[in-house]
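See below for the structure under consideration.
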Amino acid sequence: MFPTLIALILAQAPAAPDVPPDTTRFQACAALARSAPERAIETASAWRVDGGGLHARQCLGLAYVALGRWAPAATVYEQAAREAETAQDPRRADFWVQSGNAWLAAEEAPRAVQAFDAALATDQLTDELRGEVHLDRARALVAMNNVAGARADIDRALQLVAADPFAWYLSAALARRESNLARAQTDIARARELAPQDPDIMLLAGTIAGLAGNGAEAERLYRMVVAAAAQSEAGRAAQGALATITEGPAPAPAQAPPVPPTPKAPRA
């Protein structure tokens, strides 16, 4: 259900440029970032020196993302955001969000929070995107062990993107971390209503059922995860849980679903 950061950021590429000649050049560079990211780095770097501006920086960021080079990608997007702010370019919010997600993937949570704060401070975000940024900021705060701050962000996100199953999944995972089993049960049930076949959601639902003492339901859900996605991370975690089930409440998987600090990977 939850797409990777690479897919999310690369999918945005064609929409960014505004000037027709730059549009053509950017689209060619973005395509190269998908097929040959090392060459795209060379192309975008030369273009930036040649006055490519935001378009060149964005292509360079795409290339770094495609290679999983998160810190350089985050730095490039941060530079693009600052340049866009100076130019009053409406893309500045998107660049801040992309920078934040890349910092999060680079396990630099404090810098991710700074970028998300900068995005939230703009007036360029729709309510939906603002809600998603609050979710991303919550993930960064969890990585910093700031559970109270993460709860405030998730609760705000739930007001803005109540139809997003990932928001309820994150809320349930955080409630589990807060030892609030009642809320974890309520929120994972809502996530399942919105995405009943998602393996990650089923896995967390099984874990929460086990914690609540419903071993039979936990085992049923784990088996559903294995049947649906045996080779996924969720599937392997469910297999591990099933292998250790004995009489009594079902155990949580060895790698139970957390509030993910790294991609999902994060949104662009």
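Per my numbering, the very first residue in the sequence shown carries number 27; after that it's consecutive.
For every residue, glycine included, the Cβ atom is placed at its ideal position computed from N, Cα and C.
Residue i, DSSP secondary structure in three states
i: threonine 14; result: Residue 14 cannot be examined here, being either before or after the span of the chain that is shown, 27 to 294.
i: glutamate 204; result: coil
i: alanine 210; result: helix
i: threonine 233; result: helix
i: threonine 49; result: helix
i: valine 187; result: coil
i: glycine 261; result: helix
i: glutamine 140; result: helix
i: aspartate 120; result: helix
i: aspartate 382; result: Residue 382 falls outside the range modelled here, since the chain spans only 27 to 294, and no answer is possible.
i: glutamate 219; result: helix
Residue i versus residue j: straight-line alpha-carbon distance, rounded
i: aspartate 115; j: alanine 147; result: 15 Å
i: aspartate 48; j: serine 61; result: 20 Å
i: valine 173; j: proline 63; result: 37 Å
i: glutamate 245; j: glutamine 84; result: 46 Å
i: arginine 177; j: arginine 249; result: 31 Å
i: arginine 95; j: isoleucine 227; result: 29 Å
i: cysteine 55; j: valine 75; result: 15 Å
i: serine 205; j: phenylalanine 52; result: 48 Å
i: alanine 110; j: alanine 267; result: 48 Å
i: glutamine 124; j: arginine 137; result: 12 Å
i: aspartate 179; j: arginine 203; result: 15 Å
i: threonine 112; j: glutamate 158; result: 25 Å
i: arginine 262; j: alanine 255; result: 9 Å
i: glycine 126; j: alanine 141; result: 5 Å
i: glutamine 211; j: glycine 241; result: 14 Å
i: alanine 253; j: leucine 247; result: 10 Å
Rounded distance between the beta-carbons of residue j and residue i, thought under 8 Å
i: alanine 107; j: arginine 118; result: 5 Å
i: alanine 70; j: alanine 57; result: The Cβ separation is near 12 Å, so there is no contact.
i: leucine 230; j: alanine 199; result: 6 Å
i: alanine 169; j: alanine 135; result: 4 Å
i: arginine 156; j: leucine 184; result: Their Cβ separation, rounded to whole angstroms, is 12 Å, which puts arginine 156 and leucine 184 out of contact at 8 Å.
i: glycine 232; j: alanine 264; result: 7 Å
i: arginine 165; j: leucine 220; result: Contact flag wrong, Cβ pair sits at about 19 Å.
i: alanine 97; j: alanine 132; result: 4 Å
i: tyrosine 103; j: glycine 87; result: 5 Å
Proximity test, Cβ basis, 8 Å: residue i and chain C
i: leucine 86; result: In the structure shown, chain C cannot be found, because there is only a single protein chain.
Item to check | Inside the segment 150–181 only - beta strand (DSSP E) runs reaching at least 3 residues | outcome: Segments of the beta strand (DSSP E) lying fully in the segment 150–181: there are none.
Checklist entry - Can you give, in chain order, each stretch of the alpha helix (DSSP H) that sits fully within the segment 53–114 and has at least 4 residues? => result 63–75, 79–92 and 96–113
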